[in-house]
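Colleague: Each residue of the sequence shown is one higher than the last, beginning at 7 in my numbering.
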Amino acid sequence: MTRKPLILSLAALLVLVLAGGGAAVWFANRDAGPGPEFVTAKGTELWLEGERFRAAGSNSYWPAFAEPPVVDSIFQAAADNNFKVMRMWAFNDIGDPADPTTSIDPQNTNTYFQYWDGTAPAQNEGENGLQKLDYAIASAKERGLKLVLPFVNNWGPYGGMGQYVAWAGLEDHGAFYTDPQIRQWYKDWVTFLLNRTNTITGVQYKDEPTIAIWELANEPRCDGVPQFPSQDCSSETIVAWVKEMAAHVKSIDSKHLVGLGDEGFMCTQPDGHWTYNCSTGQDSTAFAQVEDIDIVGLHVYPDHWDTDVAWSRQWILDHVAIADAVDKPVFIGEYGWRGDAPRNVVFDDWMSAFEEAGGDIGLYWWMQVRNEFSTPNDSDGFTAYCPSAVCTQTSYRSQAMATGSTDFPPVPDNDLLTAVVGRPVTIDLLANDVSLHGEIDPTSVDLDPESAGVQTYLALPEGDASVEGGVLTFTATDALTKRLTLSYLVSDGEGRVAATPATVAVLPGS
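1) Out of curiosity, what's the CA-to-CA distance linking A511 and F59?
2) What number of angstroms, rounded off, separates the C-alpha of P215 from the C-alpha of V45?
3) With a 10 Å radius around its C-beta and 16 neighbouring C-beta atoms as the bar for buried, classify Y402 as buried or exposed.
4) Among G475, G469, T509, A61, which one has its Cα closest to the Cα of T409?
5) Quick check on this structure: which residue in T274, E269, P276 has the alpha carbon closest to the alpha carbon of H544?
6) Any contact of the segment 327 to 338 with the segment 297 to 309, i.e. 3+ C-beta pairs under 8 Å?
7) In or out: A471 buried (at least 16 other Cβ within 10 Å) or exposed?
8) Are F234 and L199 touching if we call contact CB-CB under 8 Å?
9) Let's see if you can read the secondary structure: which residues bound the beta strand (DSSP E) around F480?
10) Which residue's Cα is closest to the Cα of C397: V351, V431, L436?
11) Roughly how many angstroms separate the alpha carbons of G469 and G428, rounded to a whole number?
12) Could you tell me if L513 is buried or exposed, where buried requires 16 or more neighbouring beta carbons within 10 angstroms of its beta carbon?
13) Can S241 and A292 be called in contact, C-beta distance under 8 Å?
14) For P74 and A142, I'd like the C-alpha separation in whole angstroms.
15) Using DSSP with H/G/I as helix, E/B as strand and the rest coil, what is V77?
16) For D366, tell me which candidate among G63, P42, N130, W173 has the shortest Cα-Cα distance.
17) Would you list the residues sitting across from H305 in a DSSP beta bridge?
18) Where does S493 sit, in a helix, a strand or coil, going by DSSP?
19) Quick one: residues in its chain with C-beta nearer than 7 Å to the C-beta of G287, no 5 flanking neighbours on either side, listed in chain order?
20) Under 8 Å between the Cβ atoms of A508 and P415?
21) The alpha helix (DSSP H) that contains D354, what's its start and end?
22) Tell me the rounded alpha-carbon separation between A128 and W371.
23) So M94 and L52 are in contact, right, with Cβ under 8 Å, and what is the actual spacing, rounded?
24) Distance check for H254 and I322, CA to CA, integer angstroms please.
25) Please list the segments of the beta strand (DSSP E) lying wholly inside the segment 175 to 233, counting only runs of 3 or more residues, in order along the chain.
26) Residues in the same chain with beta-carbon distance under 6 Å from N420, minus the five sequence neighbours each way, listed in chain order, please.
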């Protein structure tokens with residue numbers, strides 16, 4: 007929003023108070039706009055501390071609900087891998103705390119931020135409530151991270167819009183956008199959160215530079231939870247809501263960027279694919295034109311949308327063009343892949359296009375931390391752990407976007423091969439390896455990283471391994487009775503060697 011110039015007058019809220027002895031004491035307006043420590047927008051670019059700000063990172067939606075050691079491990083892994091931005095939930099809405107059946111998501115009611123007190127939504131400021139969000143923000147701040155925080159979910163997990171509809175005793179998902187009482191409850195929540203003082207940092211949320219972007223919602227659509235089908239909702243409905251709520255955020259918080267959190271669906275092809283025909287109620291072009299929306303967002307999920315990798319690359323470029331047309335930055339709030347193509351390669355394809363087109367922030371879905379003792383459950387099939395090839399790739403991408411450097415080695419990913427005794431079996435080791443700004447040298451594959459030179463042949467008790475042109479051939483012997491792990495390194499045409507070896511898991515077959 008437009009900010010008025012600072013003028014030495016009462017009207018500008020800069021007051022000169024004369025103290026005893028003629029000394030002067032100045033009181034400046036606390037809400038004078040963002041300082042350099044905040045992420046801000048200048049045209050199509052983001053800026054921080056006087057420099058252009060571009061970054062890659064990830065989503066980890068649950069630090070606001072987790073115990074401190076888990077929170078710290080997530081954000082430390084992010085910081086260690088140069089993830090400059092993380093996105094997490096700033097909501098959990100339930101029914102009656104004493105009766106989980108009144109909650110849209112009864113599985114997630116141990117920690118909650120809003121609940122039904124019998125007459126209206128109320129806020130939980132206790133240790134199992136907003137103090138956990140306080141801790142997560144403080145932990146991210148300690149590690150120099152920036153956060154993207156949505157106010158509400160479109161979907162059932164952690165309550166979301168459906169919980170508001172249930173509070174109101176209604177059965178229409180679209181009522182979230184139109185019912186006066188629900189709209190006021192949402193405004194009350196936003197007002198409360200923006201004015202909240204963090205119990206750890208002592209800073210009000212609206213004054214916290216760790217927060218980069220507020221999102222009005224996560225993936226707002228006309229449809230949401232199945233029990234509340236949409237009865238009367240259109241793109242005009244959501245656009246009107248976006249205008250009202252973005253203006254409300256700006257009326258309280260002049261320091262932070264405001265985004266919507268939508269997937270970027272369009273209204274450009276009435277008879278086309280559902281991502282373009284307005285059926286979801288999203289209109290990315292119209293959202294981008296809302297004055298109080300500072301940054302254009304999109305998500306990328308071809309697995310869910312019945313599209314493919316190439317389509318998604320163009321989807322990204324289309325939204326960069328939408329942002330350019332309204333002179334605003336653009337960020338990918340979520341991108342995920344669980345199809346047949348290697349995730350390492352797919353993510354490189356998308357983020358290369360985004361980086362080259364001048365995109366500002368790209369966040370994959372979703373990061374979990376693993377170590378030698380434990381690997382968290384991949385509950386939705388989209389997890390890209392740290393450490394992993396995707397984690398390393400994202401680290402390099404974030405540095406490249408921030409500095410313009412292209413001096414990064416290849417990122418090989420692990421492979422799996424099932425061997426048969428006495429029969430040569432082959433696998434293309436380079437099929438899931440990437441080089442962000444160069445080309446992998448297929449003659450550089452080294453099967454014994456511990457030895458000097460490039461080893462292209464190994465004779466092992468379990469079998470013989472050889473590599474040519476990046477293709478591994480393995481012929482098993484009778485000694486292969488359990489999993490065998492091979493390692494290899496690879497270089498690019500500039501001689502840059504991968505920072506860590508990739509593995510080939512060889513399993514005995516029948």
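From the three backbone atoms N, C-alpha and C, an ideal C-beta is built for every residue, glycine too.
Since the model is a prediction, treat every value here as computed from it, not as a measurement.
Modeller: Put simply:
1) 40 Å
2) 7 Å
3) buried
4) A61
5) Any answer about residue 544 is impossible in this case: the structure gives the chain only from 7 up to 516.
6) yes
7) buried
8) no
9) 477 to 482
10) V351
11) 9 Å
12) exposed
13) yes
14) 8 Å
15) helix
16) G63
17) E340
18) strand
19) R227, C228, C239, S240, S241, T243, I244
20) no
21) 349 to 362
22) 31 Å
23) No, M94 and L52 are not in contact; Cβ-Cβ is about 19 Å, not under 8 Å.
24) 29 Å
25) 217 to 221
26) A508, T509
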